[in-house]
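Undergrad: Got a structure for you, written out below as structure tokens; questions coming shortly.
Residue numbers (our numbering), protein chains in the order written: chain B, 1 to 239; chain H, 1001 to 1424.
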């Protein structure tokens, strides 16, 4: 029997600026290659979340798009908290990472409330932090990606980071941290997109999703030679 | 006086640069003149009796500028324009000083410039264009611009600087919203509602289910409407007339760009009949590396097609990719290409499944192959070296197509010019 895996992509039409569809495509294809039957659910403003949610993806968007989804994120905040508590893996990139934090303060001092899955706050910056990025993490070894954000995100209290930047700016360009991790939910500024270049992270998320769905994923050895070569090139890239 | 001195400086720097064989030569004279003689450009361009036209947009600037220039010329105008790739102010100053007489006169009636959207402001702050043509705003080089709204904002500043007339793509929601605030007269071009699905706007490019409703037609009268296209034939509606022509500039996106060029020409040349303009459009050949074809010594043809962002790659695939044509994809990540490879993930490559890809090449050959792997497109070889890949690719039998990012296209264009029997 093939196991079904329910992938929920939140706000795909608003939050999709930096190749975010690539993360979804990677999860979907790898799930298929591992012998699963992935079901992709697009979640739009005003919708109800699907009954079964095994993994949640969110992307980055324009500042204007963030305004359009902000109220809706607050509306489903409690449900998302419950899913995180139940161990559902999530990958929130850039704009959705910020909205999954406590708050975002814009240039003119306006405060946008987030849902606080990550104990972080983001302050708008003037200069965008843009470039190739590498991050050392505890559980997912080295991650390579590309960052492009003006917000500076600061971890509060004992919020865990996703990792430490060895190249690039990360959360704020000051303290060397990148992203945040709460239970199996990950917030990050790495796009590029993240998952095709870091297939081990994609498989880790799928494994966690399978656990939540109630079965054990036996990953097959997929041909990741191209990803390995792209990662090797990332190490030596000049700028 | 500054016209004479500035021209003399520009010409002598150009000469010096030429002698030393610098490849960056196009911008250098402009840089020197700009520094030494502020106000040179404004003083020079003021001489043009029919003023200045600026073409702005993410995609199609070069091809549309070429169409406008050639249609103006064939109708008896002497047209000053900027060389391909030098779309910054200093490139334009270089052009101006090269083409002026020693006494600082510009022997032209009108200028048509394509401007880089981020630098257009430097130009329009100095001299205001009489006409502006706004083509489209789409995600492009986001590692440079940040986001699409920023790109549109830059274009908006250029559009609103038009003194007489602004010509805008009615189907681009971002640009037509900006045009609503223009003081100059505004006219629109667009495509028939039944064709909208071929020309997705930025937000639709990446939109998923439930977004089809946004494909409604624009609610403004169109000066030029693309009614239909089939193969190389396009039908336009201008006023009440239906006019058909065969274009040499292929690709469905260029049928839309041509509608923009026609709408612009109607404004600049009100005395020329629409029928004549549409006929003349058929004579325009593709621009540098934009669907340009080369004849190889073995008798086959290779077409070089610039792809620089999701919209242009998507249009290129829709227009040219098919089974039976050998395909190569060349992707670099220099500043002019975009250092970020995210954009490759906003394109659906499944149309290449049947065609396969012979080579991926360029600095990001591996990343491109990785992208294709996720759409189940077979890649026969990865060769990052452009020259080696081109050599092996050209040796294959039959007709060929290359999709190349900006700097890869420039290199391949040079190589093909040397290699090919002749340009078509």
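From the three backbone atoms N, C-alpha and C, an ideal C-beta is built for every residue, glycine too.
Along the stretch 132 to 161 of chain B, where does the CB come closer than 8 Å to a CB of chain H? Name the residues.
TA: 132, 146, 148, 150
Undergrad: Below 7 Å, is the gap between the Cβ of residue 1145 (chain H) and the nearest heavy atom of the ligand GTP?
TA: In the structure shown, the ligand GTP is absent, as is every other ligand, since no ligand is present at all.
Undergrad: Which same chain residues end up closer than 8 Å to residue 179 (chain B) when comparing Cβ atoms and leaving out the 5 residues on each side of it in sequence?
TA: 97, 135, 161, 162, 163, 170, 171, 186, 187, 188, 189, 190
Undergrad: I'd like to know if residue 92 (chain B) contacts chain H, where contact means its C-beta is closer than 8 Å to some C-beta of that chain.
TA: no
Undergrad: Quick one: does residue 227 (chain B) have its CB under 8 Å from some CB of chain H?
TA: yes
Undergrad: When you compare only the Cα positions, how much space is there between residue 1362 (chain H) and residue 1105 (chain H)?
TA: 44 Å
Undergrad: Between the Cα of residue 21 (chain B) and the Cα atoms of B:167, B:40, B:158, which residue gives the shortest distance?
TA: B:40
Undergrad: If the cut-off is 7 Å on Cβ atoms, which residues from the stretch 1390 to 1419 of chain H count as contacting chain B, listed in chain order?
TA: none
Undergrad: If we ignore side chains and look at the alpha-carbon of each, how far apart do residue 1343 (chain H) and residue 25 (chain B) end up?
TA: When rounded, the distance between both Cα atoms is 14 Å.
Undergrad: Within its chain, find whatever has a CB closer than 6 Å to the CB of residue 125 (chain B); leave out the 5 residues flanking it on each side and keep chain order.
TA: 150, 152
Undergrad: Using a Cβ cut-off of 8 Å (strictly closer), state whether residue 196 (chain B) contacts chain A.
TA: Checking the listed chains, one finds no chain A in this structure; the protein chains it contains are B and H.
Undergrad: Quick one: which chain H residues come within Cβ less than 9 Å of residue 123 (chain B)?
TA: Those within 9 Å of residue 123 (chain B) in chain H number zero; the least Cβ separation is about 17 Å.
Undergrad: Locate the alpha helix (DSSP H) running through residue 1268 (chain H), then write down its first and last residues.
TA: 1252 to 1268
Undergrad: Thinking C-beta only, is residue 1082 (chain H) closer than 8 Å to residue 1114 (chain H)?
TA: Residue 1082 (chain H) is positioned such that its CB atom lies closer than 8 Å to that of residue 1114 (chain H).
Undergrad: Which one or two residues does DSSP pair with residue 1228 (chain H) in a beta bridge?
TA: H:1235
Undergrad: If we ignore side chains and look at the alpha-carbon of each, how far apart do residue 1372 (chain H) and residue 219 (chain B) end up?
TA: Distance between the alpha carbons of residue 1372 (chain H) and residue 219 (chain B): 22 Å.
Undergrad: Determine which residues of the stretch 1142 to 1154 of chain H have a Cβ less than 9 Å from any Cβ of chain B, and write them out in chain order.
TA: 1142, 1143, 1144, 1146, 1147, 1148, 1149, 1150
Undergrad: Go through its chain and collect everything with a Cβ distance to residue 1332 (chain H)'s Cβ below 7 Å, but skip five positions before and after it.
TA: 1362, 1363, 1364, 1405, 1407, 1408
Undergrad: Just by C-beta distance, which residues in the stretch 1354 to 1371 of chain H are closer than 9 Å to chain B?
TA: 1363, 1364, 1366, 1367, 1369, 1370, 1371
Undergrad: Excluding sequence positions up to five away, which residues of its chain have a Cβ less than 6 Å from the Cβ of residue 1378 (chain H)?
TA: 1356
Undergrad: So, at 7 Å on beta carbons, what are the nonlocal neighbours of residue 107 (chain B) in its own chain, with the 5 sequence-adjacent residues on each side left out?
TA: 124
Undergrad: Specify, as a first and last residue, the run of the alpha helix (DSSP H) that residue 23 (chain B) falls within.
TA: 21 to 33
Undergrad: Residue 55 (chain B) and residue 88 (chain B) - do their beta-carbons sit closer together than 8 Å?
TA: Yes. Within cutoff.
Undergrad: Can you tell me which of H:1257, H:1129, H:1199 puts its alpha carbon nearest to the alpha carbon of residue 1184 (chain H)?
TA: Closest option to residue 1184 (chain H), judged by alpha-carbon separation, among H:1257, H:1129, H:1199: H:1129.
Undergrad: With DSSP run on the structure shown, which of helix, strand or coil describes residue 1124 (chain H)?
TA: helix
Undergrad: Between which residues of its own chain and residue 1133 (chain H) is the CB-CB distance below 6 Å, once the five residues before and five after are set aside?
TA: 1055, 1167, 1260, 1264
Undergrad: Do three or more CB pairs link the stretch 1001 to 1021 of chain H to the stretch 221 to 229 of chain B at distances below 8 Å?
TA: no
Undergrad: Anyone know if the C-beta pair for residue 1403 (chain H) and residue 1288 (chain H) falls short of 8 Å?
TA: Taking 8 Å as the Cβ cut-off, residue 1403 (chain H) and residue 1288 (chain H) do not qualify as a contacting pair.
Undergrad: Enumerate, from N- to C-terminal direction, the unbroken alpha helix (DSSP H) stretches of 4 or more residues contained entirely within the stretch 1065 to 1123 of chain H.
TA: Taking 4 residues as the shortest admissible run, the stretch 1065 to 1123 of chain H contains the following complete alpha helix (DSSP H) segments, listed from N- to C-terminal end: 1089 to 1099.
Undergrad: Taking a contact to mean a Cβ-Cβ separation below 8 Å, would you say residue 12 (chain B) touches residue 28 (chain B) in this structure?
TA: no
Undergrad: I want to see whether chain B comes within less than 8 Å of residue 1312 (chain H), judged by CB atoms only; does it?
TA: no
Undergrad: Give the DSSP bridge partners of residue 152 (chain B), in chain order.
TA: Looking at the DSSP assignment, residue 152 (chain B) forms a beta bridge with B:123.
Undergrad: Can you grab the Cα-Cα spacing for the pair residue 1006 (chain H) / residue 1222 (chain H), in whole Å?
TA: Each residue's alpha carbon lies about 43 Å from the other.
Undergrad: Just the chain H side, please: which residues come within less than 8 Å of residue 18 (chain B) by C-beta, in chain order?
TA: Residues of chain H with a Cβ closer than 8 Å to the Cβ of residue 18 (chain B) are, in chain order, 1142, 1340, 1342.
Undergrad: Under the rule that 16 or more other beta-carbon atoms within 10 Å means buried, what is residue 1171 (chain H), buried or exposed?
TA: buried
Undergrad: My output table needs one value for residue 1380 (chain H): the three-state DSSP class, helix, strand or coil.
TA: In this structure, residue 1380 (chain H) counts as strand in the three-state DSSP scheme.
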